[in-house]
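A short worksheet on the structure shown next.
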Amino acid sequence: SRSGRCVSLNTSVGSDVLLHLLSCFLSLSACSSYKSCDQCAPNTKCLWCFTTNNCTDYPVSWLLPPPSLCQLSQARWGVCWLNFEGLIIALAVVGGAVLVSIVDLCIYLLIKEKPLNTHMQDTFLMRHKHRPGLQEDTDKNVERKARHDQIRKKYGLMSDSDHPYSKFEN
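Going letter by letter, the sequence shown gives residues -33 to -1, 1 to 137 in mature numbering (1 follows the signal peptide of the UniProt record, and there is no 0).
Listed below in structure tokens is the structure:
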């Protein structure tokens, strides 16, 4: 029993290397020769079924083994402790996590490149920049500022520009 390793024979060095390489690439024994899951499952060309307790060639034309060959809960490939149902769930979780990470990265890069509210700010400024009453609003703001400055000056809340230093009063 081989247990999934390459065969090596004690012959001359050149033919030994050649036989070793050929046995690795051509897999000299069929899957049906394996009698346990530990021998069968590590070989990627083979599939172990616990229902029938036999090792069969993996159906490469199908992504998953058909139910006529073996139920997914009873089929083992690669390792004996993980059935195909668990493998499908694990791959779905990993694939979903990768997909969510890619979407998050794209959203982050888009926000970093141009914030979402920049477009709204640009639109607001363009709308209000060409508004007919813009000059009137500007004039009103200037008048209001002048009135407030006069009140501040009247009550001593605004320092005189000619006299930057003033004495303290108690």
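Ideal Cβ positions, reconstructed from N, Cα and C, are used throughout, including at glycine.
Predicted model, so just to flag it, every value in this text is computed and none were measured.
Given residue i, which residues of its chain have a CB within under 6 Å of its CB, disregarding the five upstream and five downstream residues?
| i | result |
| --- | --- |
| Y1 | C7, C22 |
| I55 | none |
| D24 | C(-3) |
| F51 | L39, A42 |
Could you check whether the Cβ of residue i sits closer than 7 Å to any heavy atom belonging to the ligand NAD?
| i | result |
| --- | --- |
| P9 | By its list of ligands, the structure shown contains no ligand whatsoever, and the ligand NAD lies outside what it can speak to. |
Assuming the contact rule is C-beta atoms closer than 8 Å, residue i and residue j should be a hit. Round their C-beta distance to whole Å, please.
| i | j | result |
| --- | --- | --- |
| P34 | P26 | Incorrect: roughly 12 Å between the Cβ atoms, too far for contact. |
| C47 | C4 | 4 Å |
According to DSSP, is residue i part of a helix, a strand, or is it coil?
| i | result |
| --- | --- |
| N20 | coil |
| L14 | strand |
| A57 | helix |
| A42 | strand |
| R(-32) | Residue placement at R(-32) is poorly supported in this model, since its pLDDT is 43, which falls under 50; the coordinates are not used for a value here. |
Once you ignore the five residues that flank residue i on each side, which residues in its own chain have a CB closer than 7 Å to its CB?
| i | result |
| --- | --- |
| W29 | none |
| D106 | none |
So is residue i in contact with chain C if we call contact Cβ pairs under 8 Å?
| i | result |
| --- | --- |
| D24 | You won't find chain C in this structure, because it holds only one protein chain. |
Notebook entry, point to check: Should the segment 14 to 27 be called in touch with the segment 38 to 46, which here means at least 3 C-beta pairs below 8 Å?
Noted result: yes
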